[in-house]
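Novice:
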Amino acid sequence: DQIKQVQAVAPWYMKQGGKLAPASVVKVFMKRMADPLKWIKSNDEEKIKAFFGSREAWENIPGWDQYVVEAEDKDRQTREDPLTKEYTLKDMQELAKARGGQCLSTDYVDIKSKLKWKCGFGHEFEATPRLILAGHWCNECMPPPWNWDAIARVDPAIADVYYHNHNKNESQRVDYLYYPNERIDGI
């Protein structure tokens, strides 16, 4: 379902790319289109804000000479694989709550059997616990346009990641990152 939704809103050239050009040409084309430094050089504030939060945030990114390698997490190797653990309906309800939503199902069979869920915006959908544990969530909120500021306000799991490089006062919606008629230099 999600793949079909993304395909439906993809620009025509992305849909035809593999049919019109070899993979190497498509790769070069996509890299230039999705190049954050190009956005900085062309002062494309919408894309800069969506990707970095602001130009000031981009300017404050430290260089590689200041990068510190974190110590390896020794407990990581001994942790239980979440996809092999035995779960209960209560676990699924807690999982949904952690995403700002609800598990609407009244029975839990196993990790491969679909359950009914509701996101923080009230969209109802079905998905397996395995899919949810892997990080997927509401299929109506995920395809473009992206409104990560609004989603982060109702989804604690997204907020935990999003607010590392975005301000809680931001209010932006990204209808697209790639303009259908955008000129790509060199192509």
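Quick note on my numbering: the sequence shown kicks off at 7 and runs consecutively. C-beta atoms are modelled at their ideal positions from N, C-alpha and C, and glycine is treated no differently.
Rounding to the nearest angstrom, what Cα-Cα distance links A56 and D71 in this structure?
Specialist: Sequence index remark: in the sequence shown, residue 56 carries index 50 (1-based). Sequence index remark: in the sequence shown, residue 71 carries index 65 (1-based). Their Cα atoms are separated by approximately 26 Å.
Novice: Counting pairs of beta carbons, one from the region 121-138 and one from the region 155-174, are three or more of them closer than 8 Å?
Specialist: Judged by Cβ distances under 8 Å, the region 121-138 makes contact with the region 155-174, as three or more pairs qualify.
Novice: Exposed or buried, which one is P135 when buried takes at least 16 other CB atoms within 10 Å?
Specialist: The sequence position of residue 135 within the sequence shown is 129, counting from 1. By the 10 Å Cβ count, P135 comes out buried.
Novice: Would you mind working out which of A104, F58 and T90 sits nearest D116, comparing C-alpha positions?
Specialist: Mapped onto the sequence shown, residue 116 falls at position 110. Closest by alpha carbon: T90.
Novice: Examine the Cβ distances between the region 165-180 and the region 144-155 and report whether three or more of them are shorter than 8 Å.
Specialist: Segments in contact, yes.
Novice: Assign V180 to one of three DSSP states: helix, strand, or coil.
Specialist: Locating residue 180 in the sequence shown gives position 174, counting from the first residue. Note: V180 maps to strand in three-state DSSP.
Novice: What is the DSSP secondary structure of K120, reduced to helix, strand or coil?
Specialist: If you number the sequence shown from 1, residue 120 lands on position 114. If DSSP states are grouped into helix, strand and coil, K120 belongs with coil.
Novice: When the Cα atoms are used, what is the spatial distance from P42 to E65?
Specialist: Within the sequence shown, numbered from 1, the residue matching residue 42 stands at position 36. Within the sequence shown, numbered from 1, the residue matching residue 65 stands at position 59. Their backbone Cα atoms lie some 13 Å apart in a straight line.
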